[in-house]
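Asks: The structure follows.
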Amino acid sequence: MATYAIGDIQGCFEPLQRLLDKLGFDPAVDSLWFAGDLINRGPQSLECLRFIKSLGDRAISVLGNHDLHALAVYYGGEKIKRKDTFQSILQAPDCEELMQWLLRHPLAYYDADRNIFMSHAGLPPQWSVAQALTLAMELQQALRGPDAKTYFQSMYGNEPARWREDLTGLERLRCITNYFTRMRFLDAEGGLEFKHKEKIETAPPGFAPWFSYPRQDDTTILFGHWAALQGHTGQARFVALDTGCVWGGTLRAVNLDTMEMTEVAHA
Numbered sequence: 001m002a003t004y005a006i007g008d009i010q011g012c013f014e015p016l017q018r019l020l021d022k023l024g025f026d027p028a029v030d031s032l033w034f035a036g037d038l039i040n041r042g043p044q045s046l047e048c049l050r051f052i053k054s055l056g057d058r059a060i061s062v063l064g065n066h067d068l069h070a071l072a073v074y075y076g077g078e079k080i081k082r083k084d085t086f087q088s089i090l091q092a093p094d095c096e097e098l099m100q101w102l103l104r105h106p107l108a109y110y111d112a113d114r115n116i117f118m119s120h121a122g123l124p125p126q127w128s129v130a131q132a133l134t135l136a137m138e139l140q141q142a143l144r145g146p147d148a149k150t151y152f153q154s155m156y157g158n159e160p161a162r163w164r165e166d167l168t169g170l171e172r173l174r175c176i177t178n179y180f181t182r183m184r185f186l187d188a189e190g191g192l193e194f195k196h197k198e199k200i201e202t203a204p205p206g207f208a209p210w211f212s213y214p215r216q217d218d219t220t221i222l223f224g225h226w227a228a229l230q231g232h233t234g235q236a237r238f239v240a241l242d243t244g245c246v247w248g249g250t251l252r253a254v255n256l257d258t259m260e261m262t263e264v265a266h267a
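Sequence positions in the sequence shown follow full-length UniProt numbering and run 1 to 267.
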């Protein structure tokens with residue numbers, strides 16, 4: 001009986017199957033955590049959603065920015081982008097069922113027994129685990145509420161770039177979304193920077209990786225989203241799961257009982 005956390009699949013269904021074979025994954029006794037971005041950019045988004053859905057409560061996933069984008073296209077009327085590759089989901093006979101299933105996923109997950117937190121982009125240093133879970137629930141309620149279409153149509157944007165408790169309405173929801181799904185570099189006050197997406201050394205003046213700032217807890221934090229890190233943060237408690245499979249890299253899993261890493265190549 002083992003629990004594995006896996007990084008951004010992004011429609012790379014065949015590497016996922018090879019990774020699970022390499023792990024000896026048994027859906028009868030083992031569990032999987034997914035760090036978001038289940039779909040988009042890769043060739044088999046539909047197959048990924050159907051497979052993970054078929055695992056039932058043996059799989060836990062948080063929403064990533066690509067997952068939210070697909071939901072915004074479906075529920076918010078946003079347009080497909082030129083590089084999007086999830087059209088097969090929109091054309092599938094079980095599209096509504098799959099989108100409803102995806103919509104039920106959280107933005108953050110916390111295992112208190114293991115003291116492990118997971119979200120797609122990580123956990124900003126100014127938020128405690130408890131605060132992050134509260135804000136994630138606030139956003140989830142908006143996603144599933146009567147005004148979800150309005151949220152999805154207003155989800156995109158870089159402002160406000162810094163969290164404030166007094167933020168309200170759509171600006172508040174957009175800011176929460178960006179911390180959970182787009183965060184990489186922050187300034188000392190927790191301000192987000194969206195332009196730079198490459199290695200740690202590319203940080204613009206005044207900014208540093210979010211995980212380089214001190215935290216007031218000892219929680220292990222799992223995240224995806226930042227393929228350019230190539231799985232390296234320099235700190236054992238910050239576990240980078242996105243190793244760029246869709247870009248020709250690898251697909252990574254970590255055994256949450258032993259913290260052993262396993263990877264398979266893109267092809």
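Beta carbons: idealized from backbone N, C-alpha and C, even for Gly.
(1) Can you give, in chain order, each stretch of the beta strand (DSSP E) that sits fully within the UniProt domain "Calcineurin-like phosphoesterase" (4–145) and has at least 3 residues?
(2) Applying the 10 Å Cβ sphere with the 16-neighbour rule, what's the burial state of Q100?
(3) Between the stretch 33–51 and the stretch 218–234, are three or more C-beta pairs nearer than 8 Å?
(4) Do D37 and H120 have their beta-carbon atoms positioned less than 8 Å apart in this structure?
(5) Given a cut-off of 8 Å on the beta-carbon distance, is the pair F185 and E193 in contact?
(6) Taking the straight line between their C-alpha atoms, what separation do you get for A267 and T250?
(7) Okay, do the stretch 146–158 and the stretch 69–80 touch, 3+ Cβ pairs below 8 Å being the bar?
(8) Using alpha carbons as the reference points, say which of E171, D67, R82 lies closest to Q10.
(9) May I have the straight-line CA-CA distance separating P15 from A188, to the nearest angstrom?
(10) From the DSSP output, read off the bridge partner residues of G244.
(11) A228 lies in the beta strand (DSSP E); which residues open and close that run?
(12) Does the beta-carbon of N178 have 16 or more other beta-carbons within 10 angstroms, so that it is buried, or is it exposed?
Replies: Straight from the coordinates:
(1) 31–34, 59–61, 108–111, 116–119
(2) exposed
(3) yes
(4) yes
(5) yes
(6) 9 Å
(7) yes
(8) D67
(9) 38 Å
(10) T250
(11) A228 -> no beta strand (DSSP E), and no H or E assigned at all.
(12) buried
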